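K.L.:
In our numbering, the protein residues as written are 15 to 350.
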Ligand code: TXA
Ligand code: MG
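#1: Going by alpha carbons, who is nearest to residue 219 out of 200, 209, 208?
#2: What is the C-beta distance between residue 37 and residue 151, in whole angstroms, given that I count them as a contact (C-beta under 8 Å)?
#3: Here's the rule: buried if 16 or more other CB atoms are within 10 angstroms of the residue's CB, otherwise exposed. What is residue 174?
#4: Roughly how many angstroms separate the alpha carbons of residue 188 and residue 307, rounded to a whole number?
#5: How far does the alpha helix (DSSP H) with residue 132 in it extend, from its first residue to its last?
#6: According to DSSP, what are the bridge partners of residue 199?
#7: Leaving out the 5 sequence neighbours to the left and right, which residues in its chain are closer than 7 Å to residue 103 when beta-carbon positions are compared?
#8: Report the partner residues of residue 207 according to the DSSP bridge assignment.
#9: Would you call the segment 73–80 in contact with the segment 128–148, where contact means no fewer than 3 C-beta pairs closer than 8 Å?
#10: At the level of alpha carbons, what is the spacing between residue 186 and residue 324?
#11: In angstroms with no decimal places, state the Cα-to-Cα distance between residue 113 and residue 85.
#12: My output table needs one value for residue 328: the three-state DSSP class, helix, strand or coil.
#13: Over what stretch of residues does the alpha helix (DSSP H) that includes residue 49 continue unbroken?
#14: Checking 8 Å against the spacing of the C-beta atoms, do residue 30 and residue 48 come in under that value?
#15: Run through DSSP, which three-state label would residue 283 get?
#16: Output needed for residue 98: all residues of its chain with C-beta closer than 6 Å, excluding positions within five of it in sequence on either side, in chain order.
#17: Pick helix, strand or coil for residue 83, following the three-state DSSP scheme.
#18: If we call anything under 8 Å between Cβ atoms a contact, is residue 89 one with residue 193?
#19: On the CB-based measure, 16 or more other CB atoms within 10 Å of its CB, does residue 226 come out buried or exposed?
#20: Alpha carbons only, please: which of 57, 24, 305, 290 is nearest the one belonging to residue 320?
#21: Considering only heavy atoms of the ligand MG, does any lie closer than 7 Å to the CB of residue 187?
#22: Could you give the distance in angstroms between the alpha-carbon of residue 272 and the alpha-carbon of residue 333?
#23: What's the call for residue 130, buried or exposed, on a 16-neighbour Cβ count within 10 Å?
#24: Taking a contact to mean a Cβ-Cβ separation below 8 Å, would you say residue 181 touches residue 161 in this structure?
#25: What does a CB cutoff of less than 8 Å around residue 242 pick up in its chain, not counting 5 residues either side in sequence?
Following this line, the structure appears as structure tokens:
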């Protein structure tokens with residue numbers, strides 16, 4: 015872990031312009047950024063994350079006008095969403111321009127574009143003055159980073175700089191919508207609640223949950239198994255009889271009076287505020303993972319608003335050890 019961590023935006027911007035790798039804060043999670051026009055810089059992202067090249071990256075733009083350099087067509091539906099929700103935690107999948115290398119989009123004719131709202135990301139984009147390709151700044155398949163230290167732990171020896179923008183306020187990744195057609199399709203629930211989107215554009219189509227990993231996927235970059243902790247992680251079942259093995263941790267919105275038998279408890283929001291819970295989610299998972307427990311039990315939160323994104327991440331974190339939990343409106347999966 016040798017990488018410099020700091021708040022020097024000018025240094026971060028020139029590193030990006032020179033083809034370097036810079037992790038930076040966004041309102042959702044930290045991203046691992048590189049010049050989106052530079053195929054070698056984009057290649058370094060995949061290497062640093064151990065990310066398979068079939069998993070496309072999101073391209074970040076500094077203002078609404080830049081979208082035309084990245085996306086070949088901005089559909090009327092996309093424009094409405096841009097006007098309503100950018101900057102913010104919404105990624106739009108649109109046909110790509112030739113300026114974006116095929117490697118960045120995993121060979122797809124489309125590209126995911128997003129305009130972040132975090133002030134240091136906005137200023138980094140302004141000073142770099144080029145779109146920045148950035149997946150979440152974690153090793154492939156692991157828990158996403160919401161603090162500069164999380165990035166240093168996983169990627170510290172592989173990247174050029176970490177632009178510290180403090181803890182991420184949203185805490186889960188952006189909502190991803192495919193808007194290449196007339197109808198919006200939800201590819202990943204995320205930091206912008208589905209309800210807010212539907213209030214703006216009407217019903218959004220949900221892709222059914224993926225059958226099994228490693229089968230051909232209707233959309234790439236989606237995998238059940240993701241957000242892996244080292245400690246085995248299971249979804250609490252209805253009765254939740256405590257497993258008899260030694261040390262079990264609990265991840266829950268709010269603790270109940272009879273939860274004392276857990277060796278460690280992380281509460282995401284005792285007041286039941288799902289935005290607060292999302293902001294705490296990944297850091298709480300990491301803290302439990304660092305406790306050397308035998309098992310982590312997680313309880314679903316209400317499947318509304320940001321609760322959809324939280325439950326989606328919990329389902330995928332648990333996939334190794336449990337059956338895929340049924341969900342009435344289970345959306346698609348992503349990875350990376
Ligand atoms: O909030 C976020 O979205 C964060 C911050 C850094 O912006 N980024 C992020 O990137 O979560 P990542 O790489 O962890 O997730 C990107 C996912 C891919 O795995 C894929 O599911 C989807 O975005 N994606 C990207 N381009 C796509 C495309 N052309 N078509 C379909 N899905 C795409
Ligand atoms: Mg990711």
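Idealized CB from N, CA, C, for every residue including glycine. A quick note: this is a predicted structure, and the numbers were derived from the prediction, not measured.
P.N.:
This is what the structure gives:
#1: Residue nearest to residue 219 within the set 200, 209, 208 is 200 (criterion: CA-CA distance).
#2: With a Cβ gap of about 4 Å, residue 37 and residue 151 count as contacting.
#3: By the 10 Å Cβ count, residue 174 comes out buried.
#4: Straight across, the Cα-Cα distance linking residue 188 with residue 307 is about 30 Å.
#5: Premise fails: residue 132 is in no alpha helix (DSSP H) and is neither H nor E.
#6: Paired residues: 192, 219.
#7: Within the same chain, residue 103 has close Cβ partners 41, 42, 184, 188, 189, 204, 205, 206.
#8: Here residue 207 is not bridged, per DSSP, to any residue.
#9: Segment contact: the segment 73–80 against the segment 128–148, three or more CB-CB distances shorter than 8 Å; contact assigned.
#10: Rounded to the nearest angstrom, the two C-alpha atoms are 7 Å apart.
#11: Distance between the alpha carbons of residue 113 and residue 85 is about 9 Å.
#12: Looking at residue 328 - three-state DSSP - the assignment turns out to be helix.
#13: First-last for residue 49: 45–49, but that is the beta strand (DSSP E), not the alpha helix (DSSP H).
#14: Closer than 8 Å, so yes.
#15: In the structure shown, residue 283 sits in coil (DSSP, three-state: anything other than H, G, I, E or B).
#16: For residue 98, where only same-chain residues beyond five positions count, the Cβ hits under 6 Å are 214.
#17: Three-state DSSP puts residue 83 in a helix.
#18: Yes, Cβ-Cβ distance for residue 89 and residue 193 is below 8 Å.
#19: Caution is warranted here: a pLDDT of 42 is assigned to residue 226, below 50, making its placement in the model unreliable, and the coordinate value is therefore given only provisionally. The residue is exposed, with fewer than 16 neighbouring Cβ atoms inside 10 Å.
#20: Closest option to residue 320, Cα to Cα, is 290.
#21: Yes, the beta carbon of residue 187 sits closer than 7 Å to at least one heavy atom of the ligand MG.
#22: Distance between the alpha carbons of residue 272 and residue 333 is about 27 Å.
#23: Using a 10 angstroms sphere on the CB of residue 130, the tally of other CB atoms reaches 16 or more, which defines it as buried.
#24: For residue 181 and residue 161, yes; Cβs fall inside 8 Å.
#25: Within the same chain, residue 242 has close Cβ partners 155, 156, 157, 331, 334.
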